[in-house]
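To start, the structure under review is shown below, and the notes come after it.
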Amino acid sequence: MGSSDDRTSDRVTDSEDELFDPAANEDYLPDHHSPETAQTEDEAWRPLAHFMLQLTGLTDLDSPEEVDLYDFALASSPCLYRIYATVYEWDSHGKVNYNREAIERMVTGLAPQLKSINICHTPPRESPELTAAERQPRPTWRGFGFDESQITKQQGKLHTLNLGVAGVTTASTFLAWSHITAFSGLRVLKIQTLISLDMLRCATDLQF
Numbered sequence: 001m002g003s004s005d006d007r008t009s010d011r012v013t014d015s016e017d018e019l020f021d022p023a024a025n026e027d028y029l030p031d032h033h034s035p036e037t038a039q040t041e042d043e044a045w046r047p048l049a050h051f052m053l054q055l056t057g058l059t060d061l062d063s064p065e066e067v068d069l070y071d072f073a074l075a076s077s078p079c080l081y082r083i084y085a086t087v088y089e090w091d092s093h094g095k096v097n098y099n100r101e102a103i104e105r106m107v108t109g110l111a112p113q114l115k116s117i118n119i120c121h122t123p124p125r126e127s128p129e130l131t132a133a134e135r136q137p138r139p140t141w142r143g144f145g146f147d148e149s150q151i152t153k154q155q156g157k158l159h160t161l162n163l164g165v166a167g168v169t170t171a172s173t174f175l176a177w178s179h180i181t182a183f184s185g186l187r188v189l190k191i192q193t194l195i196s197l198d199m200l201r202c203a204t205d206l207q208f
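For the sequence shown, the UniProt record's numbering begins at 1 and goes up steadily by one.
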């Protein structure tokens, strides 16, 4: 007769087997590998594939992701007070990133109660895709994709601005932020990057 510990161990093992058995979780795990699913997905893309074959001069395809309605609701929420964001121009796959532009729009009226910004500049990992992307003009940000006509664009009123780590804070970057938010209202300004001499000269001319 087995002990109670053995029976408990058997139950745990059975539970683990069931947890990691795809057949036992077929209602929760979509079958991405079935031939039927693959054929359906291929058929859905077929019209676009035929259309692209006719564009003999096409050398690049830009397909920006749409902003989810719930993400936009969060970005424009009057309850939003503080954000932490990673900013970079391109990712390691050569895909453009618009976090910087989105943050600037949030500060200038989209998020009316936003008071604290903390930015981390994260350089992407080197890759052939990144090198190829950096040789091309950076596409202009088209906005969040929702109607902002009722939202007045105005200079921000941040209390805390942390320009993050990594990279160099230049005079142009510093001056740009002085237009985005009123420096006279800042209580905390952190610059944890390298600082250029031009940026220091620029800072002495601004009103805090």
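Every residue, glycine too, gets a C-beta built ideally from N, C-alpha and C.
From the options, pick the residue whose C-alpha is nearest to that of residue i; which is it?
i           : options           : result
residue 190 : 67, 81, 118, 111  : 118
residue 116 : 103, 124, 127     : 103
residue 71  : 146, 41, 121, 53  : 146
residue 69  : 52, 53, 148       : 148
residue 120 : 90, 144, 162, 135 : 162
According to DSSP, simplified to helix, strand and coil, what is residue i?
i           : result
residue 97  : coil
residue 122 : coil
residue 202 : helix
Quick check: what's the CA-CA separation for residue i versus residue j?
i           : j           : result
residue 169 : residue 195 : 5 Å
residue 45  : residue 57  : 20 Å
residue 22  : residue 40  : Bear in mind that a pLDDT of 47 at residue 22, under 50, signals an unreliable position, so the number given afterwards is only what the model happens to contain. Going by the C-alpha atoms only, they are around 22 Å apart.
residue 192 : residue 201 : 17 Å
residue 198 : residue 171 : 5 Å
residue 187 : residue 160 : 6 Å
residue 164 : residue 83  : 12 Å
residue 85  : residue 101 : 12 Å
residue 94  : residue 136 : 10 Å
residue 130 : residue 75  : 28 Å
Return the chain-ordered list of same chain residues with a C-beta closer than 8 Å to the C-beta of residue i, the five sequence neighbours on each side being excluded.
i           : result
residue 107 : 114, 117, 156, 158, 180, 181
residue 109 : 151, 152, 153, 154, 156
residue 50  : none
Whose C-beta lies closer than 6 Å to the C-beta of residue i among residues of the same chain, with five residues either side of it excluded?
i           : result
residue 80  : 111, 114
residue 88  : 97, 122, 124
residue 185 : 157
residue 127 : 92
residue 99  : 85, 87
residue 174 : 199, 202
Which same chain residues, not among the five before or five after residue i, have their C-beta less than 7 Å away from its C-beta?
i           : result
residue 134 : 90
residue 48  : none
residue 141 : 98, 101
Within the region 125 to 199, ranges of the beta strand (DSSP E) (whole runs, at least 3 residues): 160 to 162, 188 to 190
Within the region 40 to 91, note down every full alpha helix (DSSP H) run reaching 4 residues or more, in order along the chain. 69 to 75
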